[in-house]
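These notes are about the structure you will find just below.
Protein chains: 2
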Amino acid sequence: MNIGQAAKASGLPAKTIRYYEDIGLVPPPARRDSGFRDYGTRDVHLLRFVARARGLGFTVEECRQLLALWQDQDRAAGDVKRLTQERIALIDDKIAQLQGLRASLDHLARSCHGGNRPDCPILEGLAHGEKS
Amino acid sequence: MNIGQAAKASGLPAKTIRYYEDIGLVPPPARRDSGFRDYGTRDVHLLRFVARARGLGFTVEECRQLLALWQDQDRAAGDVKRLTQERIALIDDKIAQLQGLRASLDHLARSCHGGNRPDCPILEGLAHGEKS
DNA sequence: ATGAACCTTCCAGCAACGGGAAGGTCAAGC
DNA sequence: GCTTGACCTTCCCGTTGCTGGAAGGTTCAT
Chain A
1 MNIGQAAKAS GLPAKTIRYY EDIGLVPPPA RRDSGFRDYG TRDVHLLRFV
51 ARARGLGFTV EECRQLLALW QDQDRAAGDV KRLTQERIAL IDDKIAQLQG
101 LRASLDHLAR SCHGGNRPDC PILEGLAHGE KS
Chain B
1 MNIGQAAKAS GLPAKTIRYY EDIGLVPPPA RRDSGFRDYG TRDVHLLRFV
51 ARARGLGFTV EECRQLLALW QDQDRAAGDV KRLTQERIAL IDDKIAQLQG
101 LRASLDHLAR SCHGGNRPDC PILEGLAHGE KS
């Protein structure tokens, strides 16, 4: 199957598939005489795996590790679990950080009358360092 | 004051200050005969403003708008409030998205025994498209 | 006068692709 | 057989927001 088909089947844009091949995240597929890439079901499974892992927020480097573990017969499930929990912790940090930002912005927005007059507590806050 | 002093006073790295000047986010400061940049209190105020807005998650382009509004005598507070609320909405989206990811990863992690055996439900989930 | 600690410019690169150019290929329809 | 249009190929540049480093100039204290 051509790259376009593989793209539909995996959910990744063709450009992204080529990119992943480029950086060695996925192995290069077979080629036809014409030079076209020719993907089989195994290739597509791999691509789907990567697409899901990326969709879950794993970085490309983490995907590399996950793929290695996936293909390693002697892998320990603990390694995978650890990677997953590290990612969860990062996500928790990010969420907390965003909630802090949200609170600050909300405070600024609530204090602003929002009318046509030029006095704006948001800009005052930004200018003078109002906290929380 | 030199760029290093301005960096300490504003909380931005010197590299970043030069970068902001480069992209025209902040005006170029005076120069000494030696070629060194020479920052005054107004310059530093501007830099602090930008530092805070960036810290609150405004993009550089949004900072440009905020700075323009800040320096515009005829600005409407409503414009600033609108920008702020748009940013809050974006943050809310991002938080919701991350919470979804977290839930999926947590589900996978909980179903994994985490031991040394190679059977790993996380990899199974990634491979076969388990949802939530 | 020499050394450390600044400063200057420019160049390169990070993640993770996306856009678009210039050209080759395939399948269908006439 | 020939055209047309959809696909494919490689290549290189642009994105966002910086950060690091190289090569060289300045300032200041010793």
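From first to last, the protein sequence lines are chains A and B. Going by the working numbering, 115 is the number at position 115 of the first sequence; the sequence numbering is gapless. Going by the working numbering, 97 is the number at position 97 of the second sequence; the sequence numbering is gapless. Don't be surprised by glycine CBs; every beta carbon is placed ideally from N, CA and C. These numbers were taken from a predicted model, which means no experiment stands behind them.
9 Å is my cut-off, CB to CB: does residue 2 of chain B come that close to chain A? no
Pull out every residue of the stretch 79 to 92 of chain A whose Cβ sits closer than 9 Å to any Cβ of chain B, in chain order. 79, 80, 81, 82, 83, 84, 85, 87, 88, 91 and 92
At least one CB of chain A closer than 9 Å to the CB of residue 40 of chain B: is that the case? no
Alpha carbons only, please: which of A/49, A/9, A/32 and A/37 is nearest the one belonging to residue 18 of chain A? A/37
Can you check which of these residues, B/34, B/112 and B/44, is closest to residue 21 of chain B by C-alpha distance? B/44
Residues near residue 50 of chain B by beta carbon distance below 6 Å, same chain, minus five either side: 63
Below 9 Å on C-beta distance, what does residue 75 of chain A contact in chain B? 118, 120 and 123
Following the continuous alpha helix (DSSP H) through residue 95 of chain A, name the residue where it begins and the one where it ends. 77 to 110
For a cutoff of 9 Å on Cβ pairs, would you count residue 64 of chain B as touching chain A? no
Is there contact between the stretch 26 to 41 of chain A and the stretch 86 to 98 of chain B, where contact requires at least three CB pairs shorter than 8 Å? no
Taking DSSP as the reference, what is the three-state secondary structure of residue 119 of chain B? coil
Could you check how far apart the C-beta atoms of residue 56 of chain B and residue 12 of chain B are, in whole angstroms? I think they sit under 8 Å. Their Cβ separation, rounded to whole angstroms, is 14 Å, which puts residue 56 of chain B and residue 12 of chain B out of contact at 8 Å.
Using the Cβ count rule (16 or more neighbours within 10 Å means buried), how would you classify residue 131 of chain B? For residue 131 of chain B, the pLDDT reaches just 47, beneath the cut-off of 50, and the residue's location in the model is therefore unreliable, leaving the point undetermined.
Does the beta-carbon of residue 26 of chain B have 16 or more other beta-carbons within 10 angstroms, so that it is buried, or is it exposed? buried
Chain B beta carbons: is any one of them nearer than 9 Å to that of residue 95 of chain A? yes
The ligand SAH heavy atoms versus the CB of residue 71 of chain B: any closer than 8 Å? Annotation note on the ligand SAH: not contained in the displayed structure, which lists no ligands.
Going by beta carbon distance, what residues of the same chain come within less than 8 Å of residue 91 of chain A, once the five residues before and after it are set aside? 57
Simplified DSSP assignment, three categories, for residue 37 of chain B: strand
Interface flag, residue 132 of chain A vs chain B, CB-CB below 9 Å: The predicted model places residue 132 of chain A with a pLDDT of 40, which falls under 50 and marks its position as unreliable; any figure quoted below should be read in that light. False, the Cβ-Cβ gap to chain B never drops below 9 Å.
Run through chain B and tell me which residues come within less than 7 Å of residue 109 of chain A, C-beta to C-beta. 81, 84, 85 and 88
When the cut-off is 9 Å and only beta carbons count, does residue 25 of chain B lie next to chain A? no
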